[in-house]
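Sequential numbering from 2 applies to the sequence shown in the working numbering. The structure appears right after this line, and notes come after that.
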Amino acid sequence: MLKLHDVHAGYGAIEVLKNLTLEVQAGEIVALLGANGAGKSTTLLTIAGVVPVRSGMITWQGAPLPTGKADVVLRQGICLCPEGRHIFPRLTVLENLISGSLLLPANRNAAKLEEIFHYFPLLAERRKQLGGTLSGGEQQMLAIGRAMMGEPKLLMLDEPSLGLAPQIVSRIFEIIRLINQKGVPILLVEQNAQQALRIAHRGYVIVTGKNQLTGTGAELLASDEVRQAYLGE
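Take a look at the structure:
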């Protein structure tokens with residue numbers, strides 16, 4: 002579905018991604034691992050059209066994906082749930098969720114809301130509460146729910162467990178797995194490498210914007226290099 006081939010991208014004079022190559026196939030969860038500053042978030046922002054490609058190519062469903070055009074990318078069904086959640090603090094939970102479906106016909110909202118509330122019953126209970134008054138874990142649930150309201154064909158998640166309590170982290174990963182079982186492919190950037198690789202079909206490790214390792218989730222979990230660098234073993 003999604004392929005990056007020898008992609009270079011960055012900010013101003015700084016080149017962050019260098020010959021990055023990866024792919025996400027239909028039905029997969031693909032984990033993207035690396036140290037801080039390796040280029041993981043930049044990869045997602047480049048795919049999402051926020052950061053333009055300098056050279057190389059991104060293809061989506063066999064056709065070139067427009068570069069530097071976030072609105073066009075979003076209309077093609079590629080949704081990014083960014084690091085830091087970035088919900089609207091002065092809007093209610095319900096209003097935040099509806100904001101994720103603005104590109105869809107309004108008559109789909111009821112069914113999508115029912116699906117989101119099935120995943121996150123707490124959001125249903127707090128639908129009238131302002132987003133800014135939710136806890137960090139609740140805001141992360143809201144951010145994922147808002148992304149899902151757009152009926153993504155590819156869901157990109159940037160550090161969904163960052164700063165959350167362990168019991169909330171477990172719930173977030175369970176929801177990610179359930180979303181994928183519904184047929185939504187997921188590209189997952191996650192600092193909790195062990196949790197990410199346990200649910201990932203495949204994974205990539207990038208170092209300074211370049212591919213370092215790739216393999217199935219199980220292969221990377223068993224890799225001495227990954228275990229020493231990212232699993233604290």
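Every residue, glycine too, gets a C-beta built ideally from N, C-alpha and C.
Could you tell me the boundaries of the beta strand (DSSP E) in which residue i lies?
i	result
Val8	3-12
Arg55	54-61
Val31	30-34
Val190	187-190
Leu81	79-82
Once the 5 residues before and after residue i are set aside, which same chain residues still bring their CB inside 6 Å of it?
i	result
Arg203	Val31, Thr217
Glu226	none
Leu46	Val52
What residues are listed by DSSP as bridge partners for residue i?
i	result
Lys211	Val208
Leu221	In the DSSP output, where bridge partners are listed per residue, Leu221 has none listed.
Met157	Leu81, Leu188
Arg203	Val31, Thr217
Which residue marks the beginning of the alpha helix (DSSP H) containing residue i, and which one marks its end?
i	result
Thr47	41-48
Ile200	194-200
Leu105	Leu105 -> no alpha helix (DSSP H), and no H or E assigned at all.
Glu75	Glu is not the amino acid found at residue 75; the sequence shown has Leu there. Its alpha helix (DSSP H) spans residues 71-76.
Reducing DSSP to helix, strand and coil, say where residue i ends up.
i	result
Met149	helix
Pro65	strand
Glu16	strand
Arg128	coil
Glu24	strand
Arg86	coil
Leu92	coil
Leu98	helix
Gly184	coil
Gly133	helix
Phe121	coil
Ser162	coil
Val51	coil
Gly138	helix
Which residues in the same chain as residue i place their Cβ atom closer than 8 Å to its Cβ, once the five residues preceding and following it in sequence are excluded?
i	result
Val73	Gly50, Pro67
Val170	Ser162, Asn193, Gln196
Ile173	Gly138, Gln141, Met142, Ile145, Pro161, Ser162, Leu165
Glu16	His9, Ala10, Arg55, Gly210
Ala219	Leu198
Asp7	Asn20, Leu21, Thr22, Ser56, Gly57, Met58
Residues in its own chain within less than 7 Å of residue i by CB, not counting five upstream and five downstream?
i	result
Lys211	Lys19, Asn20, Leu21
Tyr254	What is shown of the chain runs 2 to 234, which leaves residue 254 out entirely.
Val25	Met2, Leu3, Val31, Leu155, Pro186, Leu188
- Cβ pair count under 8 Å reaching 3, the segment 188-205 against the segment 150-158: Under the three-pair Cβ rule at 8 Å, the segment 188-205 counts as touching the segment 150-158.
- Message: Is it the case that the segment 131-150 contacts the segment 116-123, given that we only count it when at least three CB pairs across the two stretches are under 8 Å?
- Response: Yes, since at least three Cβ pairs between the segment 116-123 and the segment 131-150 fall closer than 8 Å, the two stretches touch.
- Take every Cβ of the segment 157-177, pair it with every Cβ of the segment 81-89, and state whether three or more of those distances are shorter than 8 Å. Between the segment 157-177 and the segment 81-89, the count of C-beta pairs closer than 8 Å reaches three or more; the two stretches touch.
- Query: Is there contact here, the segment 53-61 with the segment 128-139, by at least three beta-carbon pairs under 8 Å?
  - Reply: Too few Cβ pairs lie closer than 8 Å, so no.
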